[in-house]
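The next block holds one structure in the form of structure tokens; read it before the comments.
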Amino acid sequence: MLSFLKNMFEKKPQVSERLPFYDIVCPYCFAKYGPDEVVFRATHYRQDDEDYALQEDEILNAYRDKFGLDAIDELEAVIDPDSIPPENHLYVDNVLAGVTDRYGMVSKRRLCPKCHNELPITAGKAPSNIISIVGASQVGKSVYMTSLIHTLQNSTASRFNAACMPLNAQISRKFRENYEAPLFERGQLLDSTQKEKRQEPFIFQFIFKDSQKAPLILVFFDVAGEGMVDREYLELYAAHVKNSSGILFLVDPLQIKTIRDRVMLRAGDEPGEFTARYDEPREVVITLFENFIGYQEQSKTDIPTAVVLTKSDMLHLIKEDDGEYIKSNSNVFRNFVHEQYLNTAEFENINGEISRFIEKVDRPFKDALEVYFTNTAYFAVSALGSNPVNQKVSGVVTPIRVDEPFIWLMHQLDYIEGREQ
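Going by the UniProt record's numbering, the first residue of the sequence shown is number 1, and it counts up by one from there.
Given below as structure tokens:
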């Protein structure tokens, strides 16, 4: 048994035969389809031809409306490849990459046929390995996402011979101006009103310098509280999780009543940013079951799922008198750097400790995870390194272990190997 576990954790990335093409999972609407089903945006317009005149894209605007984005009045026409003779189809690496229209103009802007957003260049040429971030409202998903992306861009990527890049310039600007700069330069958290808005997915690619490795796509898609009663929105959320290759399942310690009561008791006059209302972690599992897992084989999912206990710095408030919950010398409170591979000894330590901790403080949640998820691991992170007071971080933001769950998922998806040392 021990040798089996050792082999499992020390597995090397599999060298598998590359397929000529792969199914595409749209990182915007999360629909799944073959690469020959894409459509194209024309590169020009003609007022004398209604097929190529500037026009409203109703499908794209319907998508934008879901997220409160303004409609776009006029765009170049959408070209269905079926309307173009096969000899005018352009293939790259066995994937339909462009069409030559009736006016001899080549279009290479591939669109998702379901939402008409522009697809990544690698779509269809490599596996669409999407990693999703899920969790209840008001548990700090935006802050964790910001800290994770910042860490991946500035340190983790270089340690794994990769780069972490936003999907496009618009996402880059929005992330920088609305998330990274306020948090890491000014120590400010997001306004609560922002958290309640429906947010279009934030999409980043973790691109390896080794061209034989497909990029990993990291999608942050937050479902605000009001979205949880909107069936159409929930169906989008379910597709987002169902077509993911890996899941980061965030759990705020304050969601757990046992911890919430103890932290509030110990916090005294400076409780920090404690939100008044929290959904129990098990309720998120139930939502996932109702909208996704319940429709899977045997009502379970085998998607690798990292259960991430956030705000680990807050556990300082219960460790001194409650060693049965968390030890003062716990790995939770120190950072660890994985480089080139997953250190499986370090992983097993943190996985075992947090697994036992959650079992003690919220057994129903742990049982629900074990019923519906067949491949889970447990982590503890601090996106800030300290508990904010009045929406401000005192001192420098110093994330602790924020990239470890992501690195474990890379290992599960055979991008990197695991070693004990």
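For glycine and all other residues, C-beta sits at the position ideal for the given N, C-alpha and C. Owing to the predicted nature of the structure, the values given are computational and were not obtained by experimental measurement.
- CA-CA distance, D101 to L90, rounds to 11 Å.
- Put simply, the backbone Cα of L75 is about 11 Å away from that of H116.
- Three or more Cβ pairs closer than 8 Å define a contact, and the segment 407–417 meets that threshold against the segment 333–351.
- Non-local beta-carbon contacts of K300 in its own chain, meaning distances under 8 Å to residues more than five positions away in sequence, involve I293, V371, Y372, F373, T374 in chain order.
- DSSP links N343 through a beta bridge to R419.
- Exclusion of the five residues before and after A238 leaves N291, F292 as the residues of its chain whose Cβ lies within less than 6 Å of its Cβ.
- Pairing D36 with L69, the inter-Cα distance amounts to about 29 Å.
- Residue pairing by DSSP leaves T258 without any beta bridge partner.
- Taking a C-beta distance under 7 Å as the contact criterion, V99 and I79 qualify as a contact pair.
- Around the Cβ of L216, a 10 Å sphere holds 16 or more other Cβ atoms; the residue is buried.
- With fewer than 16 neighbouring CB atoms inside 10 Å of its own CB, D49 falls in the exposed class.
- Just measuring C-alpha positions, the residue of P86, I59, R64, N88 sitting nearest A77 is I59.
- The shortest CA-to-CA distance from F30 to any of L119, A377, V143 is the one to L119.
- Boundaries of the beta strand (DSSP E) harbouring M165: 162–166, taken from the DSSP string.
- Distance from the CA atom of I354 to the CA atom of S158, rounded to whole angstroms, is 28 Å.
- One Cα belongs to L309, the other to K213, and the distance between them is close to 30 Å.
- In this model, L254 and E359 are separated by some 15 Å (Cα to Cα).
- Inclusion of V139 and L250 in the CB contact set at 7 Å is warranted, their separation being smaller than that value.
- For R41, the enclosing beta strand (DSSP E) covers residues 39–41.
- Fully contained in the segment 112–183 are the following alpha helix (DSSP H) runs of length 4 or more, in chain order: 141–151, 169–175.
- In the structure shown, the three-state DSSP call for Q298 is helix.
- Within 10 angstroms of the beta-carbon of V396 lie fewer than 16 other beta-carbons, which makes it exposed.
- The beta carbon of A123 is closer than 6 Å to those of I24 in its chain, skipping five residues each way along the sequence.
- For A62, the uninterrupted alpha helix (DSSP H) run begins and ends at 58–66, by DSSP.
- Under DSSP, the beta-bridge partners assigned to S107 are V99.
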